[in-house]
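Chains R and Y supply the protein sequences, listed in that same order.
1 is the number of the first residue of the first sequence in this note's numbering; add one for each residue after it.
1001 is the number of the first residue of the second sequence in this note's numbering; add one for each residue after it.
Here the structure is laid out as C-alpha cells; the discussion comes afterwards.
There are 2 protein chains.
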Amino acid sequence: MATTSLPFETVRPTPDGRGLVILDQTRLPEDEVEYTLSDRESMAEAIRLLRVRGAPLLGVFGAHALAALASDRAARGERDVARLRGAFDDDVAVLAATRPTAVNLGRALQRMRTSLDGWSDDHPGADTDATAAALRGFAREIHDEDQRMCEAIGTHALELLPTSSDPTTVLTHCNAGALATGGIGTALSPLYLAHARGRALRVFADETRPLLQGARLTAWELARAGIAVTVLTDGMAGALLSSTRVDAILVGADRIAANGDVANKIGTYGLAVLAHRHGVPFYVLAPTTTLDPDCPTGADIPIEQRREVEVRSGMGRTTVPAEAGVWNPAFDVTPAELVTAWITDEGVRHSWP
Amino acid sequence: MATTSLPFETVRPTPDGRGLVILDQTRLPEDEVEYTLSDRESMAEAIRLLRVRGAPLLGVFGAHALAALASDRAARGERDVARLRGAFDDDVAVLAATRPTAVNLGRALQRMRTSLDGWSDDHPGADTDATAAALRGFAREIHDEDQRMCEAIGTHALELLPTSSDPTTVLTHCNAGALATGGIGTALSPLYLAHARGRALRVFADETRPLLQGARLTAWELARAGIAVTVLTDGMAGALLSSTRVDAILVGADRIAANGDVANKIGTYGLAVLAHRHGVPFYVLAPTTTLDPDCPTGADIPIEQRREVEVRSGMGRTTVPAEAGVWNPAFDVTPAELVTAWITDEGVRHSWP
C-alpha cells in the first residue's frame, strides 16, 4: 500500500543512519524546528522532554534510536560484535526507563532485541556493520508497520464519512494525529486520505485542556497539511453541535475494554454524550493494539491522576488560588453504548462484542 | 433582612464619601488588593480594565461612582447646584460609554439621574452638599437592593439543596458569585447561606475557558470565605458526574427567554446535557431582571462572538497556530427542558411557563 505523504516528518534517520532527525513538538505551534539527535542522552532527553510524544510514535522512535546508536558505534570503528551487543542492551535499558508506562515504547524496544537475537542466530559470522544494518532494517519495518496501521484505519474510517456534505465537517479532541505516530495518525487518518482525494473538509478541534494538545498539535498538523481547522475551547462543543451541522466526531483511544468501553483523553465522554443528544456519529479510531481483553469493562481501567500544576498554571501563569484544590484526571471512560463504531486497522465494528 | 457578611467587599464608598474602594479583580487570584478611586477617569478605567466586572456589580459601582464624584465636587467647594448637575450628567455619559452593552450599568446610571430629578423637584432650595448626600443615599439604596436580591435568591435556592448529604456537593460554572454583585452573588448565594448555617459543603468549579472566571474568581471567593472548593477543567465535568455523587449543578444566567431557555456562559449547555444523563438537578439562579419577555425563545437571543485572542493566547502564550481559525462564542443556550428549576429573587419555578 502506498503511504500518504505529509509536509512534515515526526522522525527519520539521518542520511548516514547514525542519528535521528525529529520534529521538536515542544516548539509547536509557534516554531517548526527539526532537531538532530546523535547520542543516547539526547535521544532519552527527547522522550523525557516530550520533544517526541504519542504512543505509536514513541515505539517508532525507540526502534530508530537503537538502530542509530548501533550504526554510530560501528561507524566509529567498533569491530567487536559482543561489545556492540552489550551497548545495545544498555541502550534498551536507558530508553525504556525514560517513560516506564509507555507500553508501545517498551514493546518496540523488546521487539528490536528479539529481532536481533533471531538475526544473530541466523548470521553467526556477521560483523558490526552488518549487525547495525540489520537493526536499521528492523526499525524501518516497525516504522512501515505503523504507517500501514494508520493508512488502514483511515481507509476503513473514510467509508463512514458522508460524501454528500460539502465540506465534510468533523469535530475532534486532543491529538490522535500524525504527530502521535510515524504515519498519518489514527483519529485524523481519514482526514488526510480525504484531503489527498480532493474532498473539502472542515475540522473543529477542541483545545483540550489542560495540556492543549488539540490547539497546539492537532490544529498545527492539519493547518500545515492545508486542511481548514478551527479551534474551540472544550466547553464550546455543545454550542457547536447546536448551531452547526457536524458529520462526525472522531476521537482516538488509550485503551478499549473487552466490552467496548473506551478510555481516552479527559473530555471525550462529554463529547460522546453531546453527540448522542444531537444524533451525530461518534467514532473511535485506534490500532488493534489498544484493545485490552484483560480489562472486562471501562470501570476496570485505571485512570491516571496527573499533577495539579497542569491545571493551576498550565500556561505559565497561576490561574487557581493556592487555597483551592485541583482535580486532574488524564482520561475518562466512554461507555460502549455511546460509540457509533470502533475503527481499527482490521476494520469497522458497529456493535460490541 | 440581615445580610450575610463575607470577608471581602467588591465595592464601598470611602469614609468621606468622596471616593470608592474596590477589590481589584484583575489581581485575583494571586493578590487580594484594594484600590481607591478618587476621580472619574480612574473609575471609568476600573470598568474598562475589568477591575470591577459582573452585571449586578457594575450597576452598584456606577451608582456609587456618581455619588462619590458629586460628593467630591461639593467638598472641594462647588456651591453652584446647576454646575454640579452639569458635571453629574457628564459623569453619566462617561461611565455609560465604558461598556455600552452592560445593561445593568446603564440602567443604574439612568436610575440615579431619575432619582436626582425627582429629589431636586421636591427640594428646590437644596445646596450642593445636600444634593451630594441625596445621591449617596440613592446609591446605597441600589446597593442594598442588590444585596437583598442575592439573599432572596439564596434563601429560595437553599430549600432545594438536600440536607441529608454530607457534605452537600455542587458543581458550578463561570462566576455568578459575590464578586459579580454587591452582595453574596446569585448562583453561589445558597452556598454562602448554607456555610453560615454550618452546613458542610464541597464545591467543584469548572475553570471556564477562555477567561477562566471559575478558576480565578469562583475558586478565590469560595476559598476566601472558608468553603472547600476544587477546580477542574471544563472537559472533566463528565468524569466528575460519572465518579462522584453531585447533589446539584448551580449556574447563573445572562438572559432567560420567555419560554425559559437560558443563555449563560459558554459551556453551560454541555453541563445541562450531562446533568440530564446523570439525573443531577440543574438549577439556574438569576435576578428577575434577567427575564426577557421580548425574547420568545433561546434561538432569539443574540450570541456575542468575542475576540480570537482570548482562545489563541488567553494566558499570555500562543497556543493556537496562526494558520488555524478560532471560534469564540461567549454564551450558549440551554433549552428549558434541561432546567430542573429557575430560582429568582421572587421564588422557585419548577416548570415554564
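Glycine included, every Cβ here is placed at the ideal spot set by N, Cα and C.
Please read all numbers here as calculations on a predicted model, not as lab measurements.
Supposed contact pair residue j and residue i - C-beta distance, whole angstroms, cut 8 Å
i, j, result
"Gly270/R", "Ala1237/Y", "6 Å"
"Val320/R", "Val1170/Y", "About 18 Å; that fails the 8 Å criterion."
"Val251/R", "Asn264/R", "6 Å"
"Leu222/R", "Val203/R", "6 Å"
"Ile1047/Y", "Thr1098/Y", "4 Å"
"Val52/R", "Asp146/R", "Contact doesn't hold; Cβ gap of about 13 Å is too wide."
"Leu1066/Y", "Ala1139/Y", "7 Å"
"Thr168/R", "Pro162/R", "7 Å"
"Thr344/R", "Pro287/R", "6 Å"
"Val1311/Y", "Pro1210/Y", "5 Å"
"Gly1198/Y", "Gly1185/Y", "Going by Cβ atoms, the distance from Gly1198/Y to Gly1185/Y rounds to 19 Å, so no, they are not a contact pair."
"Thr1172/Y", "Ala1194/Y", "Actually they are not in contact, since the Cβ atoms of Thr1172/Y and Ala1194/Y sit about 13 Å apart, beyond 8 Å."
"Ala87/R", "Arg18/R", "The Cβ separation is near 14 Å, so there is no contact."
Option nearest residue i by Cα separation, candidates the options
i, options, result
"Gly228/R", "His350/R, Asp91/R and Leu201/R", "Inspection of the sequence shows that residue 228/R is occupied by Ala rather than by Gly. Considering only alpha carbons, the answer is Leu201/R."
"Ala341/R", "Ala322/R, Pro281/R, Arg312/R and Val326/R", "Pro281/R"
"Ala257/R", "Glu41/R, Ala157/R and Pro353/R", "Pro353/R"
"Leu95/R", "Arg85/R, Ala108/R, Arg83/R and Leu84/R", "Ala108/R"
"Glu34/R", "Leu57/R, Glu9/R and Pro56/R", "Glu9/R"
"Ala55/R", "Arg224/R, Cys150/R and Gly198/R", "Cys150/R"
"Arg83/R", "Met43/R, Asp129/R, Asp39/R and Arg199/R", "Asp129/R"
"Arg1085/Y", "Leu1058/Y, Ala1134/Y, Thr1101/Y and Glu1045/Y", "Ala1134/Y"
"Glu32/R", "Val309/R, Ala63/R, Arg224/R and Arg79/R", "Arg224/R"
"Arg1148/Y", "Leu1240/Y, Ser1005/Y, Ala1205/Y and Val1284/Y", "Ser1005/Y"
"Ile1249/Y", "Ile1303/Y, His1278/Y, Pro1015/Y and Ile1301/Y", "His1278/Y"
"Thr1268/Y", "Arg1136/Y, Pro1329/Y and Val1348/Y", "Pro1329/Y"
"Leu116/R", "Thr218/R, Ala102/R, Glu141/R and Trp220/R", "Glu141/R"
"Pro15/R", "Arg136/R, Met112/R and Asp90/R", "Arg136/R"
"Leu1285/Y", "Ile1153/Y, Ser1243/Y and Leu1212/Y", "Ile1153/Y"
"Ser242/R", "Ala1215/Y, Ala1253/Y, Gly1226/Y and Val1273/Y", "Val1273/Y"
"Asp39/R", "Leu57/R, Gln25/R, Val81/R and Ser71/R", "Ser71/R"
Bridge-paired residues (DSSP) for residue i
i, result
"Asn1264/Y", "Asp1332/Y"
"Tyr1283/Y", "Leu1250/Y and Ala1341/Y"
"Leu1188/Y", "Leu1188/Y pairs with nothing; no bridge assigned."
"Glu1034/Y", "Leu1023/Y"
"Gln305/R", "Pro329/R"
"Leu232/R", "Asp206/R"
"Asp256/R", "The sequence shown places Ile at residue 256/R, rather than the Asp named in the question. Val262/R and Leu291/R."
"Arg111/R", "Answer is none; Arg111/R lacks a bridge partner."
"Gly1347/Y", "Thr1344/Y"
DSSP three-state assignment for residue i, whether helix, strand or coil
i, result
"Pro13/R", "strand"
"Asp1292/Y", "strand"
"Leu1171/Y", "strand"
"Leu1086/Y", "Note on residue identity: the sequence assigns Gly, not Leu, to residue 1086/Y. Looking at Gly1086/Y - three-state DSSP - the assignment turns out to be helix."
"Val52/R", "coil"
"Ile227/R", "coil"
"Val320/R", "coil"
"Leu160/R", "coil"
"Leu1201/Y", "strand"
"Leu1271/Y", "helix"
"His123/R", "coil"
"Met8/R", "Looking at the sequence itself, residue 8/R is Phe, so the reference to Met does not match. If DSSP states are grouped into helix, strand and coil, Phe8/R belongs with coil."
"Ala1097/Y", "coil"
"Thr1181/Y", "coil"
"Ser1313/Y", "coil"
"Thr1297/Y", "coil"
"Glu1141/Y", "helix"
"Ser165/R", "coil"
Interface partners of residue i on chain R, CB under 8 Å
i, result
"Thr1319/Y", "Pro29, Glu207, Leu212, Ala215, Arg216 and Met315"
"Arg1277/Y", "Val273"
"Ala1223/Y", "Pro321, Glu323 and Ala324"
"Val1311/Y", "Glu207, Ala215, Val231, Leu232 and Thr233"
"Ser1242/Y", "Tyr269, Asp332 and Val333"
Within chain R, partners of residue i - CB distance below 7 Å
i, result
"Ala1237/Y", "Gly270"
"Thr1340/Y", "Ordered by position in chain R, no residue passes the 7 Å Cβ test against Thr1340/Y, which lies about 17 Å from the chain."
Neighbouring residues, chain R, relative to residue i (Cβ below 9 Å)
i, result
"Ser1071/Y", "What Ser1071/Y touches in chain R: nothing, since even the nearest Cβ is about 35 Å away."
"Ile1343/Y", "Chain R residues near Ile1343/Y: none, gap ~22 Å exceeds 9 Å."
Interface residues of chain Y facing residue i [CB-CB closer than 7 Å]
i, result
"Trp220/R", "Pro1321"
Closer than 9 Å at the beta carbon, the chain Y residues around residue i
i, result
"Thr230/R", "Ala1324, Gly1325, Val1326 and Trp1327"
"Val170/R", "Per Cβ cutoff of 9 Å: no residues; Val170/R is ~14 Å from chain Y at best."
"Ser164/R", "Ordered by position in chain Y, no residue passes the 9 Å Cβ test against Ser164/R, which lies about 24 Å from the chain."
Contact list for residue i against chain Y, beta-carbon separation under 8 Å
i, result
"Gly252/R", "Result: empty, since nearest Cβ-Cβ is about 15 Å, beyond 8 Å."
"Ile266/R", "Thr1233, Gly1235, Met1236 and Ala1239"
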